[in-house]
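Undergrad: Take this structure, written in structure tokens, and hold onto it; I'll ask about it next.
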Amino acid sequence: MAFLLAITKPKILVNGQQVPNTRWGANHIPVGAGNYHVRVATPWLFDMGPAETPVPVQPGQAVRCYYRTPAIIFMNGAIGPVPQKTPGIVVMYVLWAFVALMFVLNIAVMASM
402 MAFLLAITKP KILVNGQQVP NTRWGANHIP VGAGNYHVRV ATPWLFDMGP AETPVPVQPG
462 QAVRCYYRTP AIIFMNGAIG PVPQKTPGIV VMYVLWAFVA LMFVLNIAVM ASM
């Protein structure tokens, strides 16, 4: 999925309005004090890995939000005030372990013939 992230930019919406000129990494989005609804996704054939959260901003305050894309395309992403874990990474490891097990079993069966 990393190739997809390399050719796209995140789609960030604040209160339903798309933020222009976004990029992976830190994005500074100036807003006034108030409560905001932030949604982040990766544009593809559909919005991949969507995640959303309410973000309260106090006067003179800077707020950080951390977004993490999912390990599997059809899962939701994660967003929050601290760095997030990759959603679906355990499922991805289990799938890779299953593929490796099938490969090893195939070799064992072929060797026993």
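Residues 402 to 514 (our numbering) make up the sequence shown, in order. For glycine and all other residues, C-beta sits at the position ideal for the given N, C-alpha and C.
(1) Give the secondary structure of N507 by DSSP, where H, G and I count as helix, E and B as strand, and everything else as coil.
(2) Following the continuous beta strand (DSSP E) through G355, name the residue where it begins and the one where it ends.
(3) Pick from P444, T470, N436 and N416: whose alpha carbon is nearest that of P460?
(4) Identify which residue in G417, T443 and V495 has its Cα closest to the Cα of T423.
(5) Please determine, among D448, R465, P455 and G433, the residue with the shortest C-alpha to C-alpha distance to V474.
(6) Considering A479, what are the terminal residues of the beta strand (DSSP E) in which it resides?
(7) If you drop the 5 nearest sequence neighbours on each side, which residues of the same chain put their C-beta closer than 8 Å to that of T487?
(8) With DSSP run on the structure shown, which of helix, strand or coil describes A472?
(9) Under a Cβ-count criterion, where at least 16 other Cβ atoms within 10 Å of its own Cβ denotes burial, should R440 be classed as buried or exposed?
TA: In short:
(1) helix
(2) Outside the displayed range of the chain (402 to 514) lies residue 355, so it cannot be described from this structure.
(3) N436
(4) T443
(5) A small fix is needed here, since residue 474 is Ile in this sequence, not Val. For the residues D448, R465, P455 and G433, the minimum Cα distance to I474 belongs to D448.
(6) A479 to G481
(7) R469, T470, P471, A472 and A479
(8) coil
(9) buried
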